[in-house]
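So the sequence lines, in the order shown, correspond to chains S and D. Here numbering that gives the first Met the number 0 is used: position 487 in the first sequence is 486, and no number is missing along the way. Here numbering that gives the first Met the number 0 is used: position 241 in the second sequence is 240, and no number is missing along the way. In this text, a Cβ means the ideal position worked out from N, Cα and C, and glycines have one as well. These notes are about the structure you will find just below.
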Amino acid sequence: MKKHIEVNISHADLMSVASPGRYVGGETNVIIKNEILNELRTNGYTSAVRVAFGFPDVYEIGMSNLAMQILYKVLNEPEWCSCERAFSPWPDMDKVMRDKNIPLYTLETKSPLNEFDVVCFSIGYEMAYTNVLQMLDLGGVPLKSADRTEEDPIVVCGGPVAYNIEPMADFFDAVFMGEGEEVDLELAQMVKEYKDSGKKDRQELLRKLASIEGVYVPSLYKDEYDLEGHFIALKPIEDGIPTIITKRIIKDLDGIPYPTEPVVPNMSTVHNRAYIELFRGCIRGCRFCQAGYIYRPVREKSAQVLCDNGIAIEKSTGYDELGLLSLSTSDYRGLPELTDGLLKAYEGHHTSLSLPSLRIDNFAMELMNKISSTRKSGITFAPEAGTQRLRDVINKGITEEDILKSVRMIFEGGWSTVKLYFMLGLPTETMDDVKGIADLAIKIEDLYYDIAREKDIKVRRPEITISTSLFIPKPFTAFQWEAQDSIESLGEKQRYLKSLIQRHKSIHYNWHGFETSVWEAVLARGDRRMAPVILDGYKQGCIFDAWDDMFKYETWLQVLADNGLTVDQFIGAIDVDAPLAWDHINIGVTRKFLALERKRAYEETVTPNCREKCAGCGAACFKTGVCYE
Amino acid sequence: MSKKKYDERVLAMTKQQHLVHYVLRTRFARKGAVSYIGHLDLMNLFGRTVRKSGLPILYSQGFNPRPEMVFALPLGVGIDTEGDYVDISMSVPIQPEEFVEKMTPLMPEGLSIVSVVYKDEPKNSLMSVVTMAEYAIKAPGITECVKKIMEMEVVEVEKKAKGKIVTNDIRPQLLELHEDASLPDCVEVLVKAGSTSNLRPESLLQACTRYAGLDPEDASNAGVTRLCLYGGEYPNIKRIEEFT
């Protein structure tokens, strides 16, 4: 057991880096357990379980993450457990820490990560993998699970990337599948027993952890490949280890504690607002969307509980904006009741609501007129594909008529800024579909001038922005077997689209770099052979890969080749019957259903949403939510 | 928005009566973690805290209403203070006692209210009142260094402005060295501050390394505390509370 030390960063060091507020803590609503801290200061030791919650990106991003706020509260609830926060130091601070041998510390008690019993990461995107290694490395924790001893923390992670964590399998002792509110504490409880008995047998603890529903212990499994390098299987190395790990979900969202007193950063973050969570899951079933499958089934919170949350959170934070979070705001059935309640409670407070992913209809227009802050900002649509054919392929239940009707409403309401999100490289995409993107934007441009003429509005130039991202085949989607489009083909499509809108001055085109998307696909569908690649990349200086200006594609390609692997191995088409590196994880939605959805995609057949008609995806096995409404 | 709707809105706004600002001139202090945030962040932090108090804050008009607050002088990242000021406007008169009572338990760690006076509609903006600031600067041997600087006639330092390096003379901005209050490693100085002429403590530290042999490492590690802000014309020093 390492004796407690308090890391002290000098004033000069803080003044030498950008945004020193990232590294000092002291925020409103922060939780510091004084009894535990006193114990640490006097004895250098505590019997409580100490969890360091790491977010593998910079402070401003991590502090806007709801999962971290939720689990911070949950893990600080029991007397015998405490949870503190740590973030990735930006490269300037990273350098200071390495040069001066300052270990990465938590913001609450300034303790080095290697002092904790558990180091837990919430990982929202694959490109954050190298930052996990950076944090462990700076925190003095051995990077590989196999190299850790009883002296070292148990390193765990959760989040959407956990469903295929194979590329990071070497680095995590245990992985949470699904929602963490309950399973986090179950793991902490086992660590408590391990700690109470003097931390004798780490291996035995890992075996025990594997018996918790929803916990995956990578080191207890071995991967196999055929001679051509195709993945064949992942098997437990001993008896008594589950062959399938089923994700955990919270059955009743009203019944779990919600962080109505979240930590409020002193400095500005990505979003300076409080959040409430309307529901989990999505009834829509877009075939490319991982979130749409992995969070099934849809479970709603009641409008009453949400309204109470919203009132409490405004009081405890002082924020002047409340974000209503979900994958599709308009699908929340209690939305009128909730927004009415909140607007009434906030009367005279100048607190506004932020409603992302709201479908524009009469109700939405009325609501937006009541919320002043949406006035200036533009309205965003995500048709994802340019033609009806391709929208049917991806099961995006939205027609051109829907879009134009909504756009008409917002133009008539006085807005003139529209953002349109599309994806390039979707399965079955042709140049006609690419042309469809330009056609739609041009129709919207024409519509603006038509309405201006009809209504005799002073004509401004509308601002129509097309953004294209690139399709990335993700595990646990109907398109998990698909190939990613080649860089050459994508380049051609991008140039074509650009040429089509060139003469239209009010249409702007933003696009996303190809390289990051290719690498994201490699990581998303990677297997355990990627672990040494990620480690080598990190050693060569790759961190903050999610930041375009920091991403080093050439380095990654080199490292991949050095490890005897190719990009094509991971982004190419996979046979529908072939074993997948993530087959040992059960998200409820069955592989059979995903294959059926893929077939329907190729037939251009739409699957009704969960509320229209149950498609039999398999998520009903959790016996809750929309499946039992 | 249609022309008609727009006109209606403008009319509604012009019809609105002029709102009286019932001001609480608040002297505040900060130290510790909260000293490492920028001025805008500090303003937002104050805004959130006032909002939490439930006091009848006056909000700015327009599309994006914010609590009406005026800060006397921006406070740089990493600088502590014992005597900065903010005017916080209320829509009805609020007694300083009530304000302090409601705000104190809500103040973030390291940020505190020192004293509050009530001002009925101040005539001068708080920002225009400030002309001088008193700083305590801690660094080994700093007092001797500043003494040397004060003996010079011209003290040129370099400053980055809009990407260019500009040289200017800070000597006229150095007003007093308070000998009796200073220790060898902690100097107290009175300098010009505010919108017309402002000496930043970094510039003084730079001068000390350049002309008086202060170790650059010590200079970057120097602890700076703004002790108080003042108004008036030197040597006629007036407290900020005195201004109406």
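Within the same chain, show all residues whose beta-carbon is closer than 7 Å to that of S/A618, passing over the 5 residues directly before and after it, in chain order.
As a working note, residue 618 of chain S is residue 619 in the first sequence. Only R295, P296, G587, V588, C626 meet the Cβ criterion.
What are the start and end residues of the beta strand (DSSP E) that includes S/C306?
Locating residue 306 of chain S in the first sequence gives position 307, counting from the first residue. Element bounds for S/C306: not the beta strand (DSSP E) but the alpha helix (DSSP H), 302-316.
Extent of the continuous beta strand (DSSP E) to which S/M422 belongs
For the purposes of this step, residue 422 of chain S is taken as residue 423 along the first sequence, with counting starting at 1. Note, S/M422: beta strand (DSSP E), 416-423.
Taking the Cβ atom as the reference point for each residue, do S/L204 and S/Y193 lie within a distance shorter than 8 Å?
Along the first sequence, one-based indexing puts residue 204 of chain S at 205. Along the first sequence, one-based indexing puts residue 193 of chain S at 194. The answer is yes: Cβ separation under 8 Å.
The alpha helix (DSSP H) spanning S/F513 covers which residue range?
By 1-based counting over the first sequence, the position of residue 513 of chain S is 514. S/F513 -> alpha helix (DSSP H) spans 513-523.
For S/K1, does the three-state DSSP call read helix, strand or coil?
As a position in the first sequence, residue 1 of chain S is number 2, starting the count at 1. Note: S/K1 maps to coil in three-state DSSP.
Buried or exposed: S/H3, going by 16 or more other Cβ atoms within 10 Å of its Cβ?
Looking up residue 3 of chain S in the first sequence gives position 4. Counting Cβ neighbours within 10 Å, S/H3 comes out buried, since at least 16 surround it.
Rounded separation between D/E96 and D/T25 - CA only
Start at 1 with the first residue of the second sequence, and residue 96 of chain D comes out as number 97. Start at 1 with the first residue of the second sequence, and residue 25 of chain D comes out as number 26. Roughly 12 Å separates the two Cα atoms.
From the DSSP output, read off the bridge partner residues of S/N394.
Counting from one through the first sequence, the residue named residue 394 of chain S turns up at place 395. In DSSP, S/N394 forms no bridge with anything.
Name the one or two DSSP bridge partners that D/E155 has.
For the purposes of this step, residue 155 of chain D is taken as the residue at position 156 of the second sequence. Bridge partners of D/E155: D/D168.
Cβ-based burial, S/I570 [other Cβ within 10 Å; buried from 16]:
Here the question's residue 570 of chain S lines up with position 571 in the first sequence. S/I570 comes out buried.
Chain D partners of S/Y318, CB-CB under 9 Å?
Here residue 318 of chain S corresponds to residue number 319 of the first sequence, with the count starting at 1. Correct list: R47, R50.
From what residue to what residue does the alpha helix (DSSP H) around D/N235 run?
As a position in the second sequence, residue 235 of chain D is number 236, starting the count at 1. From DSSP, D/N235 is part of no alpha helix (DSSP H) but of the beta strand (DSSP E) over 235-238.
S/K221 lies in the beta strand (DSSP E); which residues open and close that run?
Counting from one through the first sequence, the residue named residue 221 of chain S turns up at place 222. Run containing S/K221: 220-224, per the beta strand (DSSP E) assignment.
Under 8 Å between C-beta atoms of S/S315 and S/S356:
Residue mapping note: residue 315 of chain S aligns to position 316 of the first sequence, counting from 1. Residue mapping note: residue 356 of chain S aligns to position 357 of the first sequence, counting from 1. Going by C-beta atoms, S/S315 is not nearer than 8 Å to S/S356.
Can you list the residues of chain S that D/Y35 reaches, using a CB-CB cut of under 7 Å?
Counting from 1 along the second sequence, the entry for residue 35 of chain D is found at position 36. Correct list: L13, P19, G20, V23.
Taking the DSSP output, what are the residues bridged to D/E175?
Taking the second sequence and counting its residues from 1, the one referred to as residue 175 of chain D is at position 176. DSSP lists D/L189 as partners of D/E175.
In the structure shown, what three-state DSSP assignment does D/G231 receive?
Translated into positions along the second sequence, residue 231 of chain D becomes position 232. In this structure, D/G231 counts as strand in the three-state DSSP scheme.
Exposure of S/H383, with buried meaning 16 or more beta-carbon neighbours within 10 Å
Here residue 383 of chain S refers to the residue found at position 384 of the first sequence. Note on residue identity: the sequence assigns Glu, not His, to residue 383 of chain S. That one is buried.
Which of helix, strand or coil does DSSP assign to D/T25?
Here residue 25 of chain D corresponds to residue number 26 of the second sequence, with the count starting at 1. Of the three classes helix, strand and coil, the one that applies to D/T25 here is strand, per DSSP.
Can you pull the chain S residues whose beta carbon is under 7 Å from the beta carbon of D/L44, in chain order?
As a working mapping, residue 44 of chain D is identified with position 45 in the second sequence. Ordered by position in chain S, the residues that pass the 7 Å Cβ test against D/L44 are N265.
Taking only beta-carbon positions, decide if S/K314 is within less than 8 Å of chain D.
Counted from its first residue, the first sequence places residue 314 of chain S at position 315. Yes - at least one Cβ of chain D is within 8 Å of the one on S/K314.
What are the partner residues of D/T103, as DSSP defines its beta bridges?
Locating residue 103 of chain D in the second sequence gives position 104, where the first residue counts as 1. BP columns for D/T103 are empty, so no partner.
Assuming S/F410 is part of the beta strand (DSSP E), what are its boundary residues?
Here residue 410 of chain S corresponds to residue number 411 of the first sequence, with the count starting at 1. Run containing S/F410: none in the beta strand (DSSP E); it sits in the alpha helix (DSSP H), 399-411.
Go ahead and label S/V558 buried or exposed: buried means 16 or more other beta carbons lie within 10 angstroms of its beta carbon, across all protein chains shown.
As a first step, residue 558 of chain S must be located in the first sequence, where it is residue number 559. Looking at its Cβ environment, which holds 16 or more other Cβ atoms inside 10 Å, S/V558 is buried.
Proximal residues of chain D, C-beta to C-beta of S/H503 below 7 Å:
Locating residue 503 of chain S in the first sequence gives position 504, counting from the first residue. Here the premise fails: no neighbours, minimum Cβ distance about 24 Å.
Please return the same chain residues whose Cβ sits closer than 6 Å to the Cβ of S/P19, not counting the five positions on each side in sequence.
Start at 1 with the first residue of the first sequence, and residue 19 of chain S comes out as number 20. If we look at S/P19 and ignore the five residues flanking it on each side, its Cβ neighbours are L13.
If the criterion is Cβ atoms closer than 8 Å, does the pair S/G377 and S/T350 meet it?
Walking along the first sequence from the start, residue 377 of chain S turns up at place 378. Walking along the first sequence from the start, residue 350 of chain S turns up at place 351. No; because the gap between Cβ atoms is not below 8 Å, this pair is not in contact.
For S/W555, does the three-state DSSP call read helix, strand or coil?
Reading the first sequence from its first residue, position 556 is the one you call residue 555 of chain S. Of the three classes helix, strand and coil, the one that applies to S/W555 here is helix, per DSSP.
Would you decide whether S/Q202 is buried or exposed? Buried here means 16 or more other CB atoms lie within 10 Å of its CB.
Translated into the one-based positions of the first sequence, residue 202 of chain S becomes position 203. The residue is exposed, with fewer than 16 neighbouring Cβ atoms inside 10 Å.
DSSP three-state label for S/F569, please.
Indexing the first sequence from 1 puts residue 569 of chain S at position 570. S/F569: helix per DSSP, three-state reduction.
In DSSP terms, what S/F230 is bridged to
In the first sequence, residue 230 of chain S corresponds to position 231, counting from 1. DSSP lists S/Y224 as partners of S/F230.
Starting from D/V76, find everything on chain S with Cβ-Cβ shorter than 7 Å and list it in chain order.
Walking along the second sequence from the start, residue 76 of chain D turns up at place 77. Those within 7 Å of D/V76 in chain S are P19.
So that I know if they touch, is there some Cβ in chain D lying closer than 8 Å to that of S/V6?
The residue you call residue 6 of chain S lines up with position 7 of the first sequence. Closer than 8 Å: no.
Within 8 Å of any Cβ in chain D, is that where the Cβ of S/T268 sits?
For the purposes of this step, residue 268 of chain S is taken as residue 269 along the first sequence, with counting starting at 1. Answer no: the Cβ-Cβ gap between S/T268 and chain D never drops below 8 Å.
Can you give me the C-alpha to C-alpha distance between S/Q479 and S/K473, rounded to a whole angstrom?
What you label residue 479 of chain S is simply residue 480 of the first sequence in a count that begins at 1. What you label residue 473 of chain S is simply residue 474 of the first sequence in a count that begins at 1. Near 5 Å, if we compare the C-alpha coordinates of S/K473 and S/Q479.
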